[in-house]
Structures are given as structure tokens and as C-alpha cells.
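A.B. asks:
2 protein chains.
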Amino acid sequence: MSATLSATDSVTDQTREQLQDQNLDQRSERFEQRTPGCSIEAALEIVRDRWTILILRDSFRGIRRFDDLRKDLEIPRAILADRLRSLVEHGVLVKRQYQQRPERFEYRLTPMGMELSPILVSLMQWGDRWLSGDEGPPRLLVHEPCSTEIDMSFYCWTCEEAFSPSQISSRPGGAES
Amino acid sequence: MSATLSATDSVTDQTREQLQDQNLDQRSERFEQRTPGCSIEAALEIVRDRWTILILRDSFRGIRRFDDLRKDLEIPRAILADRLRSLVEHGVLVKRQYQQRPERFEYRLTPMGMELSPILVSLMQWGDRWLSGDEGPPRLLVHEPCSTEIDMSFYCWTCEEAFSPSQISSRPGGAES
DNA sequence: CAAGTTGGTTCGTAATCTGAACTCAGCTAT
DNA sequence: ATAGCTGAGTTCAGATTACGAACCAACTTG
Numbered sequence: 017m018s019a020t021l022s023a024t025d026s027v028t029d030q031t032r033e034q035l036q037d038q039n040l041d042q043r044s045e046r047f048e049q050r051t052p053g054c055s056i057e058a059a060l061e062i063v064r065d066r067w068t069i070l071i072l073r074d075s076f077r078g079i080r081r082f083d084d085l086r087k088d089l090e091i092p093r094a095i096l097a098d099r100l101r102s103l104v105e106h107g108v109l110v111k112r113q114y115q116q117r118p119e120r121f122e123y124r125l126t127p128m129g130m131e132l133s134p135i136l137v138s139l140m141q142w143g144d145r146w147l148s149g150d151e152g153p154p155r156l157l158v159h160e161p162c163s164t165e166i167d168m169s170f171y172c173w174t175c176e177e178a179f180s181p182s183q184i185s186s187r188p189g190g191a192e193s
Numbered sequence: 017m018s019a020t021l022s023a024t025d026s027v028t029d030q031t032r033e034q035l036q037d038q039n040l041d042q043r044s045e046r047f048e049q050r051t052p053g054c055s056i057e058a059a060l061e062i063v064r065d066r067w068t069i070l071i072l073r074d075s076f077r078g079i080r081r082f083d084d085l086r087k088d089l090e091i092p093r094a095i096l097a098d099r100l101r102s103l104v105e106h107g108v109l110v111k112r113q114y115q116q117r118p119e120r121f122e123y124r125l126t127p128m129g130m131e132l133s134p135i136l137v138s139l140m141q142w143g144d145r146w147l148s149g150d151e152g153p154p155r156l157l158v159h160e161p162c163s164t165e166i167d168m169s170f171y172c173w174t175c176e177e178a179f180s181p182s183q184i185s186s187r188p189g190g191a192e193s
């Protein structure tokens, strides 16, 4: 209730299975052949633009219906419809009927969608740090059970220390479990 | 050398001071008045689109020159020029002359820019997990000194445990140190 | 002095976005 | 029963952006 980036219970196990299949299909249709081997590029194909990200932000906030999204974001209807379609096709959201007779639908995050949260959180924290005025960040995120503030800096479990982005390096990865 | 998301030494202390001022100016000019109180929206004003993010990815990889960026991304010149201008204006990159007579410039990440890395890393890890084929992620990121793989899941220092996005909640924040 | 490199700008066209109006199904109050 | 409302879209014309190709400028190299 008090949550802005809230719990948003996800999706049933039935739909979860459907999603797995769906994802596999799309991988072969849209990616496998033309992904240039960069996961950032692949992710950007789905997280397309500003509107898409704002829709996802609202989804995390618990806004689920077409008209609520439209009002909150002041997004043109056509674009909202298009982005929702795209997110559903990619398996990030599911379209669910929440009442029949007037048929009405809502859009919910799938597990795949829920896992986009680190992207939103790091966008928010960067904005907090570098763009918020002198009164500090507009909202802060906490671990619900204990109210500890979340920070997304890098931590190494081997060295047991936080480290800066300059200590990141990369290696090819191809075969794994 | 082996690094893709590499060390990329940032910027001198002189320029660092200039940047601080620069940022303050822009905050008052462009944001303070019209930021709708959401740091995600504010961040998206700078991290505008696909191209911007790909330019940043390449910057982390150590690609610094106009033509190298253009060749690597296959981005139209006009757009590259525009995005670089915008990133410099916002203080994410600095334009530095690396030789005079032919005047030549390079674009480097500022500290503000370096701190965008969690966004890129979480985009990459989401792509790795949900979009990479059966041979697994194309590349993986490690903590350079010890080669431990990086993962960006949430961890609570009070509860001493990792937790899922569903346990995130938010509180208003306004006055702080 | 011709060609090449780097870092752009300037076009005309193509694709996208946008806001306003329209649809359609069912509900609600008179 | 009919006028009006709600939710979830679609359609369409005009404004913005994106794109690719050509051009420019300042030097360097052959």
C-alpha cells in the first residue's frame, strides 16, 4: 500500500509455462539470427525507449490498466497500445482479463519483467545522485522487511569489498552450465 | 586490453571541478524547474535513447573518437554528433583535444558518466539471462583483481541476505544531509 | 598536388510520434 | 430506450526525428 515500487504479485504457474515457450519462439524469430552478440543491444531491443521504461516504472508501482497508464504518463493512446503490445509479445508483461462483460484487461509484469528492476533502480539512483536538487532524492527505496536503504554499488563476494566500475573487466563467455 | 567494459581512466581533477559547476548550472537551467519529482524521468532526459546508451557502452569499452564510434556503431554522423553534444552538455562526457594541428578530439567519461555503469551492467545481465541463446551469455563481467563474476541482485546489509525485487518498497525522501 | 584521415554540417526523404477525433461494447441513470 | 459514460483501443493528418549521401575544412602523407 505504502509502496511505490511495490510487491506486485506476479503471475500464475500456468502462464509462466506459456511464457517460457513464448520466449523461446521469439528468441529464434527475432534474435538468435541477428543479435550481434551484445546483451545490451539485445535488451535495448525490448526496453526500446523512454515510454517503455516509464510504462515499466508504473507497472512496478502497481498501475496495470490502459487508462490508468495513459492518465499517469500522459502518453498518446496509440503509443501506449503499441508499447504494451510489444512488451506482451516479448514476454515482459502479460495481458489478463480482470472482468468479463464489459471485457476489461490489465497488464502485469511477468517474472522476466520483474527482473528488469535493477535497471530501473540504477536509473533512479543515478538520477538521485546527480540530478536531484538540494532537498535530496524525491523518494528512496528500502528493503521492506527492515527499512534499510538500497544501494546498487558493486560488491565482490570473494574480496569481501565494494568496488568501483573501473575495476570491472570482461571475459568471453560461451559455454556454461 | 582484454577488457570490454574496461578500466577507462576517467578525467583529471581540474576538469572534475569544472564539471561540478557545469552540473549545477544545468540543474538550475534544465531540471530544477521542470523535473516532475521522479529521478527515473530525470535520468531518462539524459540517457535518451538506444543510441545514447550504445555510445556510453562503447565509452566504457574505451572507444573515444568520433570516427571509431561511428564505425563501431554504424550510427549516422549527424546523430552521433548530436548525442555527443548532448552528453557533453549534461556533463556525462568531456570533449578533450588529444592533438593540435590537425585539431582532434576525444570523448571521455566523467565521474558522473562512470557512475552510469550499474545501468549498463544491469541491462547486460538481464539480456544475458533472458535473451542469450543456449550457448550462454556472449561475455561475462568480472571483478578484475580476483576474476569473480559480478551479479547485481539486491542485498540487504541489515538482514544480511539477498532479496528479490518484490521486497522493495519506497518512502518519501526530501531532507537529508 | 592528389588522396586520405578526422570530425563534423547540410540536405531531402523516410519513418515515428503526437493529439484529436472516431469506434465499439457494455453499463447506468432518467 | 436513449443519452451519456467508461475502458480500451484504432485511424488519420501534421509535426518531429532519423537516416544516408554528399559536402566541407584542416591538416598529413605519398
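Which chain is which? The protein sequence lines are A and B, in order.
Numbering (my numbering) for the first sequence: 17 to 193.
Numbering (my numbering) for the second sequence: 17 to 193.
Even glycine gets a Cβ: it sits at the ideal position worked out from N, Cα and C.
Since this is a predicted model, take the numbers as computed values, not measurements.
Considering Cα atoms alone, identify which of G129(A), D167(A) and S148(A) is closest to A59(A).
C.D. replies: The shortest Cα separation from A59(A) among G129(A), D167(A) and S148(A) belongs to G129(A).
A.B. asks: According to DSSP, is E45(B) part of a helix, a strand, or is it coil?
C.D. replies: For E45(B), the predicted structure reports a pLDDT of 34, less than 50, and the residue's modelled location is therefore unreliable. The matter cannot be settled from this model.
A.B. asks: Would you kindly check if the distance between the Cβ of S55(A) and the Cβ of P154(B) is under 8 angstroms?
C.D. replies: Result yes, Cβ atoms of P154(B) and S55(A) sit closer than 8 angstroms.
A.B. asks: Along the stretch 131–144 of chain B, what residues have a CB closer than 8 angstroms to any CB found in chain A?
C.D. replies: Cβ contacts with chain A: E131, L132, S133, P134, I135, L136, V137, S138, L139, M140, Q141, W142, G143 and D144.
A.B. asks: Among F179(B), G107(B), G152(B) and G78(B), which one has its Cα closest to the Cα of H159(A)?
C.D. replies: H159(A) has its Cα closest to that of F179(B), out of F179(B), G107(B), G152(B) and G78(B).
A.B. asks: Are the Cβ atoms of R112(A) and I71(A) separated by less than 8 angstroms?
C.D. replies: No; because the gap between Cβ atoms is not below 8 angstroms, this pair is not in contact.
A.B. asks: State the DSSP-derived secondary structure class of T51(A), mapped to helix, strand or coil.
C.D. replies: Confidence in T51(A) is poor, its pLDDT being 45 and thus under 50, which makes the residue's placement unreliable; the coordinate value appears in the next sentence. Residue state, collapsed to three classes: coil.
A.B. asks: Here's the rule: buried if 16 or more other CB atoms are within 10 angstroms of the residue's CB, otherwise exposed. What is P181(A)?
C.D. replies: The residue is buried, with at least 16 neighbouring Cβ atoms inside 10 Å.
A.B. asks: Out of T174(B), Q115(B), E105(B) and L85(B), point me to the one whose CA is closest to V63(B)'s CA.
C.D. replies: Ranking T174(B), Q115(B), E105(B) and L85(B) by Cα distance to V63(B) puts E105(B) first.
A.B. asks: Run through DSSP, which three-state label would E119(A) get?
C.D. replies: E119(A): coil per DSSP, three-state reduction.
A.B. asks: Beta-carbon of F82(B) versus every beta-carbon of chain A: anything under 8 angstroms?
C.D. replies: F82(B) does not count as touching chain A.
A.B. asks: Tell me whether S75(B) is buried or exposed, calling it buried when 16 or more other Cβ atoms sit within 10 Å of its Cβ.
C.D. replies: That one is buried.
A.B. asks: Restricting to Cα atoms, I'd like to know which of L89(B), E90(B) and G107(B) is closest to W146(A).
C.D. replies: Closest by alpha carbon: G107(B).
A.B. asks: If you compare alpha carbons, which of R80(A), F121(A), R117(A) and T68(A) is closest to S102(A)?
C.D. replies: The shortest Cα separation from S102(A) among R80(A), F121(A), R117(A) and T68(A) belongs to T68(A).
A.B. asks: Let me confirm a value: S163(B) is counted as buried when at least 16 other C-beta atoms fall within 10 Å, else exposed. Which label applies?
C.D. replies: When all chains shown are included, S163(B) counts as exposed.
A.B. asks: Helix, strand or coil: how does DSSP classify P188(A) here?
C.D. replies: Note: P188(A) maps to strand in three-state DSSP.
A.B. asks: List the residues of chain B that D65(A) touches, going by C-beta distances under 7 angstroms, in chain order.
C.D. replies: What D65(A) touches in chain B: D65.
A.B. asks: For the structure I just gave you, are there three or more beta carbon pairs, one from the stretch 80–99 of chain B and one from the stretch 136–145 of chain B, closer than 8 angstroms?
C.D. replies: They do not touch, by the three-pair rule.
A.B. asks: With a CB to CB cut of under 8 angstroms and the five nearest residues on each side skipped, what residues in its chain are close to E177(B)?
C.D. replies: Same-chain partners within the cutoff: Y171.
A.B. asks: Using CA atoms only, rank isn't needed, just tell me which of T126(A), E57(A) and I184(A) is closest to L89(B).
C.D. replies: Nearest of T126(A), E57(A) and I184(A) to L89(B), Cα basis: E57(A).
A.B. asks: Measure the alpha-carbon distance for R124(B) versus E131(B) and round it to whole angstroms.
C.D. replies: Rounded to whole angstroms, R124(B) to E131(B) spans 13 angstroms at the Cα level.
A.B. asks: Using the beta-carbon of each residue, which ones in chain B are nearer than 7 angstroms to L96(A)?
C.D. replies: By Cβ distance, chain B contributes nothing, its closest Cβ being about 16 angstroms from L96(A), past 7 angstroms.
A.B. asks: Near R86(B), which residues of its chain fall below 8 angstroms by C-beta distance, leaving aside the five closest residues on each side in sequence?
C.D. replies: Answer for R86(B): R93 and L96, listed in chain order.
A.B. asks: On the criterion of 16 or more Cβ atoms from any shown chain inside 10 Å, does D144(A) qualify as buried, or is it exposed?
C.D. replies: Per the 10 Å Cβ criterion, buried.
A.B. asks: Could you give the residue range of the alpha helix (DSSP H) that holds R99(B)?
C.D. replies: It spans R93 to E105 - the alpha helix (DSSP H) in which R99(B) sits, taken as one unbroken run.
A.B. asks: If we call anything under 8 angstroms between Cβ atoms a contact, is I184(B) one with I166(A)?
C.D. replies: Closer than 8 angstroms, so yes.
A.B. asks: Against chain B, does I91(A) count as a neighbour if the rule is that its beta carbon must be under 8 angstroms from one of theirs?
C.D. replies: So no, I91(A) is outside the interface.
A.B. asks: Please state the DSSP three-state secondary structure of V158(A).
C.D. replies: It is a strand residue.
A.B. asks: Considering only the beta carbon of each residue, do R73(A) and E122(A) sit closer than 8 angstroms?
C.D. replies: Not a contact, by the Cβ cut-off of 8 angstroms.
A.B. asks: In angstroms, rounded to a whole number, what distance separates the CA positions of Q116(A) and D150(B)?
C.D. replies: Answer to the nearest angstrom: the Cα atoms are 40 angstroms apart.
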